[in-house]
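The sequence shown maps to residues 1 to 457 in the UniProt record's numbering.
All residues carry an ideal CB built from backbone N, CA and C; glycine is no exception.
Every value quoted in this text rests on a predicted model; they were computed, and no experiment measured them.
For reference, the structure discussed in these notes is given below.
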Amino acid sequence: MSYNEHNSEIPEQTIKPTSGDLHISGDSDKLIVSKVANSDDISKNEKKHVEATPIPLRIPKIRRPGSQDRAGGAKSLHSSQPEPIILPKPRQRVLCEFTNTAISPVLGKRNFRIGPVDRIASRPMEPPLLEEERLEFHHAEESSRPAGTAGISVFVTYEPKTNRRQVWKCRRKEIGEGSFSKVYVTVDRKNAIKVVRVDPDEDDDTRLRVQGSLLRELEILQEISHPNIVKLFGYNSDLKHNHVTMAMSFYRGGDMFDMVLEHRLSLHENVVRAIFSNVASAVRYLHHHDICHRDIKLENVLLIYGISDIDLWTNNVPDRVAVLSDFGLSKKISKDDPLLTTRCGSEDYVSPELLLGLKYDGKQNDCWALGVLLYSILEGRLPFDSPPNSHRSGRSSRPSHRISTITWSWYQLQDNGKDSQGNDFSQAKEIVDHLLVKRTKRWTIDQICDHQWLSSS
């Protein structure tokens, strides 16, 4: 089946690269040591996000085996052929901008500084009052530590609502690293500590994007609570050393992208249904609270269990197997002005209306991304990549053109909806068929969750 609703082509546009921050999360125990000594310096500033003028967006080309390097690295899942396609790094995303007014009181006093930036579209936020506390490892403790405890780092965060101090002992070696962040796992492997360094020497645009993303994520995560959404246990910022530390949960299953890349054919239908049901439940919660995520993708779905457990499941799959992470692009939707203009997200997952620079409904955009996500799990490839074994080149083969014209097809599941392992995904296909369509025909999150394939799980 192929879908095509536009015939116009899209002019080549540009995108500014941003960071590839790594997000990790899951259930956890924390050690609360003592109350914060001084809480009288809470900032009176408040924060306000506004939608900036739409930023031009460029869809980078894809690097495939046997081809020359081309601009922009995109993630692409393997085709319908037995041999897999190599997945390059995810494409860049554009973060929405913000202006200077107030900082939300929910963020408390431990916000990080945003330095002065000269620009017309947006201005920097005034620096709130911060408690300066060095979060890095105290070398004096290392020498007094008993034998066998070397290689331990200590981080301090504060519980958002109570401001109680939290101490985390982590393995010194990081388990992940992004452009501006490093992630460490606690000794008991129940929590992950993410340290983001906001470098004052970075160019103004990059610094604004990283800081704006952090502010949005901290604010949203403190206001929401759902079993399928990553939980923030505490955070702190070090004004002197330009560090922001976030205590979250550690998920040993990694992200869904790696799972699909390496183990897609071993996933039973009930596992796929449980994972997608968890993600859809998280999105339903967000939409009912007038929040859109704007960056739903395989890389931002984290798995609670490892593949050794998942491979054993056919029936009796746990209710909670996945969580949605990375709220750096999330947005509270105004009921008075619900349409958004900022072009942001990951290119393979953005809706046609966002790509074409139209005002868009953030919730509809999320539902489109859910369709891309489910298709990718079922087919093992992204829906708007060039068809398998296609040798066509030019504009019509580019993902940007295929997204804008809604041109995609089924390959692995094109006949009766059954994969090579005998799993019947015909009902899952029906969900995708109602998501990767014009926005006027696209299902809402309630229609997705109420579909028989999910409601019967």
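In this structure, DSSP gives Ile-445 a helical state, which the three-state scheme calls helix.
The shortest C-alpha to C-alpha distance from Val-154 to any of Ile-175, Tyr-411 and Val-185 is the one to Val-185. In the DSSP assignment, no residue is bridged to Arg-398. Every beta strand (DSSP E) stretch that sits fully inside the stretch 147-185 and reaches 3 residues is listed by chain position as 152-158, 164-171 and 181-185.
DSSP places Gly-234 in the uninterrupted beta strand (DSSP E) bounded by 234-238.
Taking C-beta atoms as the reference points, Ala-428 and Leu-373 fail to come closer than 8 Å. By the CB criterion at 8 Å, His-293 and Leu-324 fall inside the cutoff. Taking the C-beta atoms as reference points, Leu-329 is found no nearer than 8 Å to Arg-343. Contact between the stretch 199-217 and the stretch 250-264 is absent, with fewer than three C-beta pairs closer than 8 Å. In the DSSP assignment, Arg-197 falls within the unbroken beta strand (DSSP E) covering 191-197. Nearest neighbour of Gly-306 by Cα position, chosen from Asn-163, Lys-161, Asn-315 and His-263, turns out to be His-263.
Annotation for Trp-168: Lys-30, Leu-31, Val-154, Phe-155, Val-156, Thr-157, Thr-186, Asn-191, Ile-193 and Ala-247 place their beta carbon closer than 8 Å to its own, counting only its chain and skipping 5 residues before and after. Residue state for Ser-249 is assigned as strand, using DSSP reduced to three classes.
For Val-432, the enclosing alpha helix (DSSP H) begins and ends at 426-433.
Per the coordinates, the alpha-carbon of Phe-233 lies some 16 Å from the alpha-carbon of Arg-216. Excluding five sequence positions before and after Ile-175, the CB atoms of its chain that fall closer than 8 Å to its own CB belong to Ile-24, Val-183, Tyr-184, Val-185 and Ala-192, given in chain order. Residue environment for Glu-269: buried (at least 16 other C-beta atoms within 10 angstroms of its C-beta). The continuous stretches of alpha helix (DSSP H) do not include Leu-413, and DSSP gives it neither H nor E.
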